[in-house]
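Okay, so the sequence shown: first residue is 1 according to the UniProt record's numbering, each after it adds one.
For every residue, glycine included, the Cβ atom is placed at its ideal position computed from N, Cα and C.
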Amino acid sequence: MLGLGNLGRKVFGTSSDRRVKRYRPVVEAINALEGEVSGLSDEALRARTADFKARIAAGAAIDDLLVPAFATVREAAKRTLGQRHFDVQLVGGMVLNEGAIAEMKTGEGKTLVATLPVYLNALAGKGVHVVTVNDYLARRDAEWMGQIYRFLGLSVGVIVHGLTPDERRQAYQADVTYGTNNEFGFDYLRDNMEYNLTSMVQRGHNFAIVDEVDSILVDEARTPLIISGPTEDRSELYVAIDAVIPKLAPEDYEIDEKVKSATFTEDGTEKVEGLLTEMGLLRGESLYDVENVAIVHHLNNALRAHKLFLRDRDYIVKNGQVVIIDEFTGRMMEGRRYSEGLHQALEAKEKVKIQPENQTLASITFQNYFRLYGKLAGMTGTAATEADEFMDIYGLDVVEIPTNVPVARVDEDDAVYRTAEEKYAAIVDLIREARLRGQPVLVGTTSIEKSELLADRLRKSGVKEFEVLNARHHEREAFIVSQAGKPGAITIATNMAGRGTDIQLGGNIDMRLREELAEMAEGPERKAREEAIRAEVQELKAKALAAGGLMVIGTERHESRRIDNQLRGRSGRQGDPGRSQFFLSLQDDLMRIFGSDRMDGMLQKLGLKDGEAIVHPWINKALERAQGKVEAHNFDIRKNLLKYDNVMNDQRKVVFEQRIELMSGENIADTIRDMRHEVIEEIVARHIPERAYAEQWDIAGLREALRGQLNLDLPVEDWAKEEGIADEEIRERITKEADDMMAQKAARFGPDLMRLVEKQMILQTLDHLWREHLGMLDHLRSVIGFRGYAQRDPLNEYKTEAFELFQAMLASLRRAVTGQMAHVELAQRPPEEMQPPAMQAHHADPLTGEGEFAEAGRETPARAAAATDRNPKDPSTWGRIGRNEPCPCGSGKKFKQCHGQVVSA
Numbered sequence: 001m002l003g004l005g006n007l008g009r010k011v012f013g014t015s016s017d018r019r020v021k022r023y024r025p026v027v028e029a030i031n032a033l034e035g036e037v038s039g040l041s042d043e044a045l046r047a048r049t050a051d052f053k054a055r056i057a058a059g060a061a062i063d064d065l066l067v068p069a070f071a072t073v074r075e076a077a078k079r080t081l082g083q084r085h086f087d088v089q090l091v092g093g094m095v096l097n098e099g100a101i102a103e104m105k106t107g108e109g110k111t112l113v114a115t116l117p118v119y120l121n122a123l124a125g126k127g128v129h130v131v132t133v134n135d136y137l138a139r140r141d142a143e144w145m146g147q148i149y150r151f152l153g154l155s156v157g158v159i160v161h162g163l164t165p166d167e168r169r170q171a172y173q174a175d176v177t178y179g180t181n182n183e184f185g186f187d188y189l190r191d192n193m194e195y196n197l198t199s200m201v202q203r204g205h206n207f208a209i210v211d212e213v214d215s216i217l218v219d220e221a222r223t224p225l226i227i228s229g230p231t232e233d234r235s236e237l238y239v240a241i242d243a244v245i246p247k248l249a250p251e252d253y254e255i256d257e258k259v260k261s262a263t264f265t266e267d268g269t270e271k272v273e274g275l276l277t278e279m280g281l282l283r284g285e286s287l288y289d290v291e292n293v294a295i296v297h298h299l300n301n302a303l304r305a306h307k308l309f310l311r312d313r314d315y316i317v318k319n320g321q322v323v324i325i326d327e328f329t330g331r332m333m334e335g336r337r338y339s340e341g342l343h344q345a346l347e348a349k350e351k352v353k354i355q356p357e358n359q360t361l362a363s364i365t366f367q368n369y370f371r372l373y374g375k376l377a378g379m380t381g382t383a384a385t386e387a388d389e390f391m392d393i394y395g396l397d398v399v400e401i402p403t404n405v406p407v408a409r410v411d412e413d414d415a416v417y418r419t420a421e422e423k424y425a426a427i428v429d430l431i432r433e434a435r436l437r438g439q440p441v442l443v444g445t446t447s448i449e450k451s452e453l454l455a456d457r458l459r460k461s462g463v464k465e466f467e468v469l470n471a472r473h474h475e476r477e478a479f480i481v482s483q484a485g486k487p488g489a490i491t492i493a494t495n496m497a498g499r500g501t502d503i504q505l506g507g508n509i510d511m512r513l514r515e516e517l518a519e520m521a522e523g524p525e526r527k528a529r530e531e532a533i534r535a536e537v538q539e540l541k542a543k544a545l546a547a548g549g550l551m552v553i554g555t556e557r558h559e560s561r562r563i564d565n566q567l568r569g570r571s572g573r574q575g576d577p578g579r580s581q582f583f584l585s586l587q588d589d590l591m592r593i594f595g596s597d598r599m600d601g602m603l604q605k606l607g608l609k610d611g612e613a614i615v616h617p618w619i620n621k622a623l624e625r626a627q628g629k630v631e632a633h634n635f636d637i638r639k640n641l642l643k644y645d646n647v648m649n650d651q652r653k654v655v656f657e658q659r660i661e662l663m664s665g666e667n668i669a670d671t672i673r674d675m676r677h678e679v680i681e682e683i684v685a686r687h688i689p690e691r692a693y694a695e696q697w698d699i700a701g702l703r704e705a706l707r708g709q710l711n712l713d714l715p716v717e718d719w720a721k722e723e724g725i726a727d728e729e730i731r732e733r734i735t736k737e738a739d740d741m742m743a744q745k746a747a748r749f750g751p752d753l754m755r756l757v758e759k760q761m762i763l764q765t766l767d768h769l770w771r772e773h774l775g776m777l778d779h780l781r782s783v784i785g786f787r788g789y790a791q792r793d794p795l796n797e798y799k800t801e802a803f804e805l806f807q808a809m810l811a812s813l814r815r816a817v818t819g820q821m822a823h824v825e826l827a828q829r830p831p832e833e834m835q836p837p838a839m840q841a842h843h844a845d846p847l848t849g850e851g852e853f854a855e856a857g858r859e860t861p862a863r864a865a866a867a868t869d870r871n872p873k874d875p876s877t878w879g880r881i882g883r884n885e886p887c888p889c890g891s892g893k894k895f896k897q898c899h900g901q902v903v904s905a
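In structure tokens:
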């Protein structure tokens with residue numbers, strides 16, 4: 001019996017059906033142009049691009065050109081690739097152009113679909129980004145689909161790891177730019193750490209199409225992109241904090257070994273506050289005042305280091321270093337360090353040399369990066385299960401595009417066994433059966449270890465010829481997956497394997513031609529070999545079809561239905577026959593989590609014998625419900641993380657916009673002057689309180705503050721003695737003196753040098769304070785959850801305190817820039833162009849949790865002269881010199897304190 005929802009869908013169709021129906025007249029209009037367009041010469045077809053651009057420049061909307069532009073791309077694809085867009089592919093292109101997600105089954109040609117909206121949107125001249133999951137696919141698609149764009153007169157760029165800044169800038173200037181999500185995100189962060197506009201490589205965020213959108217915007221969005229660099233040495237602080245812990249009694253803290261957490265009790269907090277006050281480390285009255293966020297973080301780490309981490313169990317001390325011991329294997333993990341200051345706390349505890357922490361220089365989540373685009377679209381074979389998340393986070397609709405040919409694959413109900421042993425035995429038997437009849441088999445596993453386990457069982461059962469894949473070698477992997485449709489082929493792959501490449505029955509002709517003819521010269525011999533390969537693939541395809549098409553076997557259910565659907569969707573492309581089935585056991589992770597004990601008892605009562613499976617649609621339904629619950633739970637976690645990141649993102653936008661404004665401004669003297677005037681107001685208000693009598697003024701403090709902050713020695717004591725003088729008049733006199741001093745300094749420096757110094761000073765100070773602010777927010781985030789125990793909403797508390805910290809950062813910026821500009825003096829050399837700090841970029845793998853580290857500094861030609869080539873008396877031979885290197889003049893001082901001096905107090 002149909003449920004009401006199913007009945008409604010049967011009668012009225014889904015929202016996707018209704019939307020697709022709306023596109024039908026547009027498809028017919030494109031088809032109507034085919035005869036006219038196919039009659040054009042190559043030159044005339046290419047000339048349409050210039051015509052379209054002229055119409056857009058004259059005010060035509062991009063969507064007004066959709067029909068002729070799509071017809072043009074379809075014809076160009078026929079001439080360059082020998083491929084003609086199906087009608088359903090035109091529909092997919094329209095969905096992408098409207099800024100939505102096109103869910104298209106595997107083998108429906110998503111890569112070709114993207115060419116339609118990419119070409120149309122590139123006509124505006126603002127650039128279009130096509131985002132892929134790895135460098136191999138970025139290069140492949142840029143080369144493969146680039147044939148269409150280049151034929152039509154558009155330029156194509158590709159962003160991969162290892163390019164120089166100039167190469168990146170050129171790629172972003174292209175009409176169409178292919179690249180990975182990590183590269184686009186890191187370039188955005190690095191651009192916002194540059195010190196002049198000409199060093200930036202990106203030119204804006206107009207339109208992006210994300211391939212495998214579920215993988216990039218959901219799976220990889222669990223962890224942010226981070227650029228980090230070494231911090232200044234804070235070992236004294238770690239040592240001081242470490243000295244507090246041995247003075248505490250057991251009743252001063254609570255330990256929870258299960259979750260490895262340690263917290264101070266009320267009495268303990270009081271005792272710690274007293275100790276810190278004696279040491280001069282506590283600001284304000286309470287440990288939990290916002291100024292002490294960093295201290296609280298270090299204290300918590302020190303407590304954990306002493307009470308939860310045991311030497312020779314969790315770590316060892318070897319050659320004066322703390323080395324982590326893997327809790328599962330017992331092996332030393334040299335080179336790995338605990339994050340967020342915990343490793344430094346252990347080093348302080350063991351009295352060894354404390355290595356500096358890595359400090360976050362810049363970070364952004366993929367959610368917030370991709371929301372920068374004016375228009376965003378995506379495509380994948382499996383997005384419907386995450387439709388709520390796409391709409392909620394990105395405002396993206398998911399539209400299911402019908403297949404070009406109806407799906408003929410048979411999806412069997414899951415087979416559930418009592419033990420993993422029985423399950424694997426059944427899988428091996430099924431693989432052997434399929435091999436005997438020449439049916440290709442794809443086996444999906446959830447991890448590399450389980451792939452190896454199954455491979456070992458196959459070898460023991462006498463099956464020697466098979467391929468085991470993981471996601472380490474994208475190029476080789478793509479070739480193996482493309483040939484996994486040969487009769488009798490057995491391919492074992494983790495969930496990550498094979499993305500971006502179809503499994504074609506009989507094998508992929510194009511891949512084989514590329515591999516086998518790569519070394520052969522053009523000529524009759526090559527032509528004959530090509531024809532032989534084509535004939536062989538057709539013969540193999542016929543055999544695979546006769547054997548039942550591709551069989552897909554899942555060795556267990558994943559937490560996400562989407563990943564199961566990705567595996568299943570590998571079979572049955574373009575109307576081919578196929579079969580899929582998942583094999584489960586009560587020992588699988590998902591089954592264990594959702595009450596397998598009860599099910600085990602029930603199966604025993606039903607008389608299920610060893611080696612037998614239970615197969616029923618109800619089990620599928622129950623499992624899908626369980627998966628739905630896990631998906632909803634994971635979505636809630638991501639949504640909650642995003643709420644916290646949005647707070648930082650609002651501040652990030654303000655800082656990044658301010659940097660660009662400062663870099664693009666020819667003259668920022670007004671900004672510097674406004675800062676100076678605000679600082680003077682603060683100083684006067686602090687020492688001459690409003691409505692206070694003259695006897696209550698702190699004139700000595702005011703004079704000292706003016707000397708230290710503004711480099712002014714003024715007779716404020718004499719001013720204060722004048723009859724009837726008020727705070728306003730004193731402030732005006734100070735302001736005039738400060739302005740006059742800066743005007744004289746500007747005259748000495750000259751306008752060009754003064755503008756350069758002002759710009760560098762403010763940008764450098766802003767970056768330094770922003771990095772410190774990011775660290776403070778990280779620390780605040782790690783302790784804010786405890787506010788929930790006091791019946792206060794941690795998110796609201798975080799918003800409030802993050803805002804206070806941001807205000808404090810801006811006040812510090814005003815004071816620091818004013819003080820530096822007041823003390824700056826002209827040295828022997830003008831200041832050299834500033835360089836961003838040394839840094840690393842990393843994005844943790846969401847599946848393993850391990851970070852992928854890469855040098856984040858863009859590759860630049862070496863500019864430093866060799867020490868032997870430098871003439872101490874001729875600065876022109878010195879080249880680029882590090883600020884902390886010895887000065888080549890031979891003075892014995894560091895370069896920054898000698899010829900490289902910019903400021904002097």
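In DSSP terms, what residue i is bridged to
i, result
"R409", "G578"
"Q359", "G229"
"I553", "V443 and Q581"
"M379", "A102 and D211"
Residue of the options minimising C-alpha distance to residue i
i, options, result
"L405", "F86, A61 and N181", "According to the sequence shown, residue 405 is Val rather than Leu. Out of F86, A61 and N181, F86 has the C-alpha closest to the C-alpha of V405."
"A816", "L774, R792, F786 and L763", "L763"
"E722", "E695, D510 and R638", "E695"
"I784", "N300, F207, I226 and N192", "N300"
"residue 921", "G507, K105 and T111", "Since the first and last residues shown for the chain are 1 and 905, residue 921 lies out of range."
"D588", "L567, L623 and P617", "L623"
"P229", "L361, A122 and G665", "The sequence as given places Gly at residue 229; Pro does not occur at that position. Considering only alpha carbons, the answer is L361."
"E717", "R703, G724, R707 and N508", "R703"
"K351", "Q651, A434, I241 and F390", "I241"
"G775", "D166, Q359 and A383", "Q359"
"D502", "R512, I490, A478 and T491", "A478"
"R16", "W697, L545, E681 and V398", "The sequence as given places Ser at residue 16; Arg does not occur at that position. For S16, the nearest C-alpha among the options comes from V398."
"L567", "R203, V441, A544 and R625", "V441"
"R18", "P402, F583 and I699", "P402"
"E772", "R748, S585, F806 and M754", "F806"
Exposure label - residue i; buried when at least 16 CB within 10 Å
i, result
"D636", "exposed"
"M520", "exposed"
"H633", "exposed"
"A518", "exposed"
"M279", "exposed"
"residue 919", "Residue 919 lies beyond the range of the chain shown here (1 to 905); nothing can be said about it."
"K736", "exposed"
"V20", "buried"
C-alpha gap between residue i and residue j, whole angstroms
i, j, result
"L766", "A47", "49 angstroms"
"H687", "F370", "48 angstroms"
"residue 920", "D211", "The structure shown does not extend to residue 920, since the chain spans only 1 to 905, so no value can be given for it."
"T818", "N182", "38 angstroms"
"L116", "E108", "15 angstroms"
"E143", "V176", "12 angstroms"
"L436", "L458", "14 angstroms"
heavy atom of the ligand NAD below 7 angstroms from residue i C-beta
i, result
"N196", "Absence of the ligand NAD from the depicted structure is noted, as is the absence of any ligand whatsoever, leaving it without description."
**Prompt:** At what residue ranges does the UniProt domain "Helicase ATP-binding" (91 to 249) contain a whole run of the alpha helix (DSSP H), taking only runs of 4 or more?
**Reply:** 110 to 122, 135 to 144, 146 to 151, 165 to 173, 181 to 191 and 235 to 242
**Asked** Where in the segment 13 to 93 do unbroken runs of the alpha helix (DSSP H), each at least 4 residues long, occur, reported from the N-terminal end onward?
**Response** 15 to 32, 34 to 38, 42 to 57 and 66 to 80
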